[in-house]
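> Here you go, one structure.
Number of protein chains: 2
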Amino acid sequence: MITLAALQMKSKSGDVAANLARIEQAAKEAAATGASLLVMPELGLTGYGAGDVIRDLAEPADGPLVTRLQAISAETGIAIIAGFAEKADGTIFNSAVYVDGPAAPVVYRKSNLYGDYERALFAAAEPSTVLFDHRGVRCGMLICYDVEFPENVRRLALAGADAVLVPTALPAGYSGTFIADHMIRTRAFENQVFVAYINHCGADERFTFAGSSRVAAPDGSLLASAASHGEALMIVSLDPADFQVSKTENTYITDLIRRA
Amino acid sequence: MITLAALQMKSKSGDVAANLARIEQAAKEAAATGASLLVMPELGLTGYGAGDVIRDLAEPADGPLVTRLQAISAETGIAIIAGFAEKADGTIFNSAVYVDGPAAPVVYRKSNLYGDYERALFAAAEPSTVLFDHRGVRCGMLICYDVEFPENVRRLALAGADAVLVPTALPAGYSGTFIADHMIRTRAFENQVFVAYINHCGADERFTFAGSSRVAAPDGSLLASAASHGEALMIVSLDPADFQVSKTENTYITDLIRRA
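So the sequence lines, in the order shown, correspond to chains R and F. Number 207 in this note's numbering belongs to position 226 of the first sequence; there are no gaps in the numbering. Number 196 in this note's numbering belongs to position 215 of the second sequence; there are no gaps in the numbering.
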């Protein structure tokens, strides 16, 4: 069992120092509740709609930005998943990093880029299965559009994930509402895993965000749900053992493994 | 554009003649509305929970049962998708057949069997992509538990399906409600196809059914929705051209094809 904190956040576009300060504040508040992991939105450190400046703010995963996140994690005593622009292999990826104090960071790179804006800024990574153990819960990461493809969550679940943590930048509108209200819950149910889908709120110079962050349980029920507007820090317990009845009834993963 | 009729039905367990009579009545009513295709539940001809008698009622796809369905289709002027127990290859499959008057029937065999009851009665078919053209709309079929696996709908959508027609026998309960309320709509949205999911209502000697039949559009909206109790004949128009805005915004299939 772990306690998860999820921050629906209004990032300051292009202002990494301000966003780091916001993260540090949330990490303190979350740690005080007993949470051991804080998840934030896609590109939460740079802002999502900042445009070309995001490329200037890109850093390698062993650069000062991730080092600073590790320090915040160590000081506050809570692990953090944050979205950042990662400079690597001569290009820039839209990445998320898991830091847990001084331990080696775990990096996931977005493989499904959405639309012309993202494709102009980032390289699409090959689909990857990045799993890590967080206090006994096996966790995987995806970013935004990745989770809309059932193939990606399935890959993580077949590899043994209990929980999939998804920083996102979902725009407001009909499709965004559908994704938050139906698709995220279905991803959880069809794999019998937890899915935490954490969005921006408000607007930046290019996008208006849907808010509506969600933490769904393996039976598709919502453990937490943020409004369409406003920042929100949600604290929830994730205990895979609570959902044995649902897993016994909905045998998607065991049926696929039995058949393979 | 086609007009689809969907019959949420209370099959008579083990009474094929009574179920054929019910189908004939619904075919007449549906044809009178201008519908060109009538869809009914999984094993609607035998009843779902009839047990071992289903094996005795199994017939080959060129047997008298399908011949009788073709005659009903020819007489009433409406194509029919009906669930039946199919004797083939020395075993018995849980199948659905599309008949359109005297034309050769199209048969789909369920590949994902659910639980001990189905596995004792039927052989699991290999996953198959059975597409047919119905009045200009490319249609595929799945049966019940098949549609709960995103892989199956994806396979049909990548092969060019506009609509996926799904006879089902969904039991009442928490999971059934979740599937009807969230998963079916997500299957439609994540592939930008129509999904018609047509269930039994009431109870037979083994199961109590969820009713709650659904016809979802490519944008995940519900074109029709039956109650949890009672028979219902739903008549809806399916026009792929109505959903170009949603397809332009939700580019799952084109993104997968571009990347492959």
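The beta-carbon is built from N, C-alpha and C at its ideal position, and this holds for glycine as well. Bear in mind that the values here come from a model prediction, so they are computed numbers and not experimental data.
By DSSP, does F103 (chain R) sit in helix, in strand, or in coil?
For the purposes of this step, residue 103 (chain R) is taken as the residue at position 122 of the first sequence. Residue state, collapsed to three classes: coil.
> Between which two residues does the alpha helix (DSSP H) harbouring D37 (chain F) extend?
As a position in the second sequence, residue 37 (chain F) is number 56, starting the count at 1. From DSSP, the alpha helix (DSSP H) with D37 (chain F) extends over V34 to D37.
> With DSSP run on the structure shown, which of helix, strand or coil describes Q(-11) (chain F)?
Position 8 of the second sequence holds residue -11 (chain F). Strand.
> Could you say if the stretch 173 to 188 of chain F and the stretch 114 to 134 of chain F meet the contact criterion of at least three C-beta pairs nearer than 8 Å?
Flag = yes, the stretch 173 to 188 of chain F and the stretch 114 to 134 of chain F touch.
> Would you kindly work out how many angstroms separate the C-alpha atoms of G211 (chain R) and V147 (chain F), rounded to a whole number?
Mapped onto the first sequence, residue 211 (chain R) falls at position 230. Mapped onto the second sequence, residue 147 (chain F) falls at position 166. In a straight line, the C-alpha of G211 (chain R) is about 41 Å away from that of V147 (chain F).
> Could you tell me whether the Cβ of H163 (chain R) comes closer than 8 Å to any Cβ of chain F?
Locating residue 163 (chain R) in the first sequence gives position 182, where the first residue counts as 1. Output row for H163 (chain R): interface = yes.
> What do you reckon, are the CB atoms on R168 (chain R) and V128 (chain R) nearer than 8 Å?
Locating residue 168 (chain R) in the first sequence gives position 187, counting from the first residue. Locating residue 128 (chain R) in the first sequence gives position 147, counting from the first residue. Closer than 8 Å, so yes.
> Can you confirm whether F159 (chain R), when its beta carbon is compared against all beta carbons of chain F, has any partner nearer than 8 Å?
One-based indexing of the first sequence puts residue 159 (chain R) at position 178. Interface residue, yes.
> I think A(-2) (chain F) touches T57 (chain F), with their Cβ atoms under 8 Å apart; what is that distance to the nearest whole Å?
Taking the first residue of the second sequence as position 1, residue -2 (chain F) is located at position 17. Taking the first residue of the second sequence as position 1, residue 57 (chain F) is located at position 76. The pair is not a contact, with the Cβ atoms about 17 Å apart (cut-off 8 Å).
> Determine, using beta carbons only, whether A191 (chain R) and P131 (chain R) come nearer to each other than 8 Å.
As a working note, residue 191 (chain R) is residue 210 in the first sequence. As a working note, residue 131 (chain R) is residue 150 in the first sequence. For A191 (chain R) and P131 (chain R), no; Cβs fall outside 8 Å.
> Can you give the Cα-Cα distance for L26 (chain F) and P86 (chain F), rounded to whole angstroms?
As a first step, residue 26 (chain F) must be located in the second sequence, where it is residue number 45. As a first step, residue 86 (chain F) must be located in the second sequence, where it is residue number 105. One C-alpha to the other measures close to 16 Å.
> Using only CA atoms, which one of R:V145, R:I124, R:D143 and R:L203 lies nearest to D162 (chain R)?
Locating residue 162 (chain R) in the first sequence gives position 181, where the first residue counts as 1. Cα-wise, what sits closest to D162 (chain R) is R:L203.
> In the stretch 104 to 125 of chain R, which residues sit with their C-beta less than 9 Å from some C-beta in chain F, listed in chain order?
Hits within the stretch, in order: A105.
> Which residues of chain F have a Cβ atom closer than 8 Å to the Cβ of P131 (chain R), listed in chain order?
Along the first sequence, read from residue 1 onward, the residue named residue 131 (chain R) stands at position 150. Here the neighbours are P131, E132, R135 and E171.
> To which residues of the same chain is E40 (chain R) closer than 8 Å at the C-beta, ignoring the five residues directly before and after it?
Here residue 40 (chain R) is taken as the residue at index 59 of the first sequence, counted from 1. Around E40 (chain R): L46, V47, F65, A66, E67 and K68.
> Run through chain R and tell me which residues come within less than 9 Å of S156 (chain F), C-beta to C-beta.
Residue numbering aside, residue 156 (chain F) sits at position 175 when the second sequence is read from its first letter. Residues of chain R passing the Cβ test: F170, D200, G201, S227, E230 and N231.
> For L94 (chain F), name the three-state secondary structure that DSSP assigns.
Translated into positions along the second sequence, residue 94 (chain F) becomes position 113. The answer is coil: DSSP assigns L94 (chain F) none of H, G, I, E or B.
> Could you give the first and the last residue of the continuous alpha helix (DSSP H) run that contains F170 (chain R)?
One-based indexing of the first sequence puts residue 170 (chain R) at position 189. Run containing F170 (chain R): I165 to N172, per the alpha helix (DSSP H) assignment.
> At a CB-CB cut-off below 7 Å, which residues of chain R make contact with R166 (chain F)?
Within the second sequence, residue 166 (chain F) is the residue found at index 185, counting from 1. Here the neighbours are H163.
> Taking CB distances under 8 Å as the criterion, tell me whether N93 (chain F) reaches chain R.
In the second sequence, the residue the question calls residue 93 (chain F) occupies position 112. Yes, because at least one Cβ of chain R sits closer than 8 Å to the Cβ of N93 (chain F).
> Looking at the unbroken beta strand (DSSP E) that takes in V128 (chain F), where does it start and where does it end?
Here residue 128 (chain F) refers to the residue found at position 147 when the second sequence is read from its first residue. Segment: none, V128 (chain F) is in no beta strand (DSSP E) and carries neither H nor E.
> What beta strand (DSSP E) runs, 3 residues minimum, are completely inside the stretch 134 to 159 of chain R?
Runs of the beta strand (DSSP E) inside the stretch 134 to 159 of chain R: 144 to 148.
> Whole angstroms are fine: how far does the CA of A55 (chain F) sit from the CA of L123 (chain R)?
The count along the first sequence starts at 1 and reaches residue 123 (chain R) at position 142. The count along the second sequence starts at 1 and reaches residue 55 (chain F) at position 74. Each residue's Cα considered, the two are about 52 Å apart.
> Tell me, please, whether the CB atom of D236 (chain F) is closer than 8 Å to any CB atom in chain R?
To locate residue 236 (chain F), count along the second sequence from 1; it is residue 255. Taking Cβ atoms only, chain R reaches closer than 8 Å to D236 (chain F), which makes this a yes.
> Report buried or exposed for P83 (chain R), applying the criterion of at least 16 other Cβ atoms within 10 angstroms of its Cβ.
Taking the first residue of the first sequence as 1, we reach residue 83 (chain R) at position 102. Result: exposed.
> How about L24 (chain R) and A150 (chain R): are their beta carbons less than 8 Å apart?
Position 43 of the first sequence, counted from the start, is the residue given in the question as residue 24 (chain R). Position 169 of the first sequence, counted from the start, is the residue given in the question as residue 150 (chain R). Going by C-beta atoms, L24 (chain R) is nearer than 8 Å to A150 (chain R).
> In three-state terms, what does DSSP make of D250 (chain R)?
This structure cannot settle anything about residue 250 (chain R), because the visible part of chain R is limited to -18 through 241.
> Taking all protein chains shown into account, do 16 or more other C-beta atoms lie within 10 angstroms of the C-beta of G15 (chain R), making it buried, or fewer, making it exposed?
What you label residue 15 (chain R) is simply residue 34 of the first sequence in a count that begins at 1. Per the 10 Å Cβ criterion, exposed.
> Roughly how many angstroms lie between the CA atoms of A60 (chain F) and P199 (chain R), to the nearest whole one?
On the second sequence, residue 60 (chain F) is found 79 positions in, with the first residue counted as 1. On the first sequence, residue 199 (chain R) is found 218 positions in, with the first residue counted as 1. If I take the Cα positions, the gap works out to 39 Å.
> Hey, out of R:K(-9), R:L137, R:R240 and R:E10, whose CA is closest to D185 (chain R)'s CA?
Residue mapping note: residue 185 (chain R) aligns to position 204 of the first sequence, counting from 1. Among R:K(-9), R:L137, R:R240 and R:E10, the Cα nearest to that of D185 (chain R) is on R:K(-9).
> Between A213 (chain F) and the rest of its own chain, which residues show a CB-CB distance below 6 Å, the 5 nearest in sequence each way excluded?
Position 232 of the second sequence, counting from 1, holds the residue named residue 213 (chain F). So the qualifying residues of the chain are Q(-11) and A207.
> Please report the straight-line C-alpha distance between A142 (chain R) and L112 (chain R), rounded to a whole angstrom.
As a position in the first sequence, residue 142 (chain R) is number 161, starting the count at 1. As a position in the first sequence, residue 112 (chain R) is number 131, starting the count at 1. Roughly 7 Å separates the two Cα atoms.
> Cα-Cα, which of F:C125, F:G183, F:I179 and F:L137 is closest to L94 (chain F)?
What you label residue 94 (chain F) is simply residue 113 of the second sequence in a count that begins at 1. Out of F:C125, F:G183, F:I179 and F:L137, F:C125 has the C-alpha closest to the C-alpha of L94 (chain F).
> With a cut-off of 8 Å on the beta carbons, I'd call A144 (chain F) and L219 (chain F) a contact; round off their distance for me.
Taking the first residue of the second sequence as 1, we reach residue 144 (chain F) at position 163. Taking the first residue of the second sequence as 1, we reach residue 219 (chain F) at position 238. Indeed they touch by this definition, with Cβ atoms about 6 Å apart.
> Start and end of the alpha helix (DSSP H) containing T235 (chain R)?
Within the first sequence, the letter at position 254 stands for residue 235 (chain R). Run containing T235 (chain R): Y233 to R240, per the alpha helix (DSSP H) assignment.
> K68 (chain R) bridges to which residues according to DSSP?
Locating residue 68 (chain R) in the first sequence gives position 87, counting from the first residue. Partner(s): R:I73.
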